[in-house]
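Quick note on numbering: this note's numbering labels position 21 of the sequence shown as 21, and the sequence is numbered without any gaps. C-beta: ideal position from N, C-alpha, C; glycine also.
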Amino acid sequence: MAETIFTKIINKEIPADIVYEDDWCLAFRDINPRAPVHILIIPKKAMAQLNDAESGDRELLGHIMLAVNRVAEKEGVADAYRLVLNNGAGAGQEIFHMHFHLLAGRPFSWPPG
Ligand code: AMP
């Protein structure tokens, strides 16, 4: 997988507003927030998009879901948040290091745009 700006954030080569970190994942505030709370949760393992995940990533993916909950609790938004993953350019993915967007703090419409 080609390196992205998120690799540099993981390696602390460029700054980010990190809100949670453990051995497997990292969460930091989006530089262009689309909601009062907008945090990106990424695996430290290089994976371009969710579609690249394999059965060996089962534990990692479950771990990230639980990390999302921890971040939401830390941010005080566990009661109402939206979790978004853009898989592929056609779905709006711009950075090809898999990431979840945790959005909260405003009303959300459905279906999403
Ligand atoms: P996506 O379109 O799903 O690939 O989302 C990429 C997200 O990364 C966008 O919401 C950007 O605002 C965000 N982003 C890009 N560069 C940075 C950065 N250096 N620090 C934090 N967020 C970033």
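| Query | Result |
| --- | --- |
| If residue 100 sits next to residue 84, beta carbons under 8 angstroms apart, how far is it from one beta carbon to the other, in whole angstroms? | 7 angstroms |
| Given residue 86, which residues of its chain have a CB within under 7 angstroms of its CB, disregarding the five upstream and five downstream residues? | 92, 93 |
| Pull up the CB-CB distance for residue 95 and residue 4, whole angstroms please, since I reckon it's below 8 angstroms. | 5 angstroms |
| Between which two residues does the alpha helix (DSSP H) carrying residue 5 extend? | 5–10 |
| In three-state terms, what does DSSP make of residue 26? | strand |
| Is residue 16 near the ligand AMP, judged by its Cβ being under 7 angstroms from some heavy atom? | yes |
| What number of angstroms, rounded off, separates the C-alpha of residue 56 from the C-alpha of residue 21? | 21 angstroms |
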